[in-house]
């Protein structure tokens with residue numbers, strides 16, 4: 001099974017290659033115009049490839065995602081932080097965990113520095129993976145100090161079989177910004 005970082009790297013390289021190919025075959029000269037809209041196709045590609053590697057997407061009603069409008073999404077930072085949180089929930093605590101996770105994802109997705117929040121259930125129904133895209137590491141660590149995040153951490157301690165696994169990767173912010181049509 002491929003790691004999250006390997007899948008993301010492959011998707012981003014593929015998207016960059018496709019963009020270069022489009023510019024080679026375009027009749028009009030390349031323009032430097034850019035938009036701050038998130039690259040939906042890249043994110044979809046990441047999750048499509050993750051699905052091929054044994055990760056199954058959770059139904060839409062359990063997925064919370066937000067994308068800022070171009071006016072709101074001014075990228076003043078150099079990097080975007082991707083946080084992957086893996087949790088194995090005890091069998092008898094699934095419904096309580098689901099409620100707490102929903103509260104957390106809604107709050108995180110409405111935070112000003114959150115770019116995208118996505119929840120997946122892996123093949124084993126009790127394993128949940130949360131992907132969070134943040135403007136930078138400082139905004140994520142600041143959010144971890146919020147009352148909502150602390151309450152979620154405190155609550156899930158008793159609902160998980162073991163420790164939560166958290167991994168992060170910094171992605172160039174330019175990968176989040178796509179060419180405007």
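Numbering (full-length UniProt numbering), first residue to last: 1 to 181.
Backbone N, C-alpha and C fix where the C-beta goes; we use that ideal spot for every residue, glycine too.
Being a predicted model, the structure only gives us computed values, none of them experimental.
Buried or exposed: residue 147, going by 16 or more other Cβ atoms within 10 Å of its Cβ?
Here the question's residue 147 lines up with position 147 in the chain shown. Exposed, by the Cβ-count rule.
Grab me the residues of residue 172's own chain with a C-beta within less than 8 Å of its C-beta, minus the 5 sequence neighbours each way, in chain order.
Residue numbering aside, residue 172 sits at position 172 when the chain shown is read from its first letter. Counting only Cβ-Cβ distances below 8 Å, and skipping sequence neighbours, we find 78, 79 and 80.
In the DSSP assignment, the beta strand (DSSP E) including residue 184 goes from what residue to what residue?
Past the edges of the chain, shown from 1 to 181, lies residue 184, and the structure says nothing about it.
Residues in its own chain within less than 6 Å of residue 153 by CB, not counting five upstream and five downstream?
As a working mapping, residue 153 is identified with position 153 in the chain shown. Answer for residue 153: no residue qualifies.
I need the straight-line Cα distance from residue 87 to residue 135, nearest angstrom please.
Within the chain shown, numbered from 1, the residue matching residue 87 stands at position 87. Within the chain shown, numbered from 1, the residue matching residue 135 stands at position 135. Rounded to the nearest angstrom, the two C-alpha atoms are 23 Å apart.
Can you give the beta carbon distance from residue 85 to residue 130, rounded, assuming they're within the 8 Å contact cut?
If you number the chain shown from 1, residue 85 lands on position 85. If you number the chain shown from 1, residue 130 lands on position 130. 4 Å between Cβ atoms; contact.
Secondary structure at residue 83, three-state DSSP: helix, strand or coil?
If you number the chain shown from 1, residue 83 lands on position 83. It is a strand residue.
Once DSSP output is grouped into helix, strand and coil, what is the label at residue 114?
For this step, residue 114 is matched to residue 114 along the chain shown. It is a strand residue.
Residue 140 lies in the alpha helix (DSSP H); which residues open and close that run?
The residue labelled residue 140 in the question sits at position 140 within the chain shown. Its alpha helix (DSSP H) spans residues 137-144.
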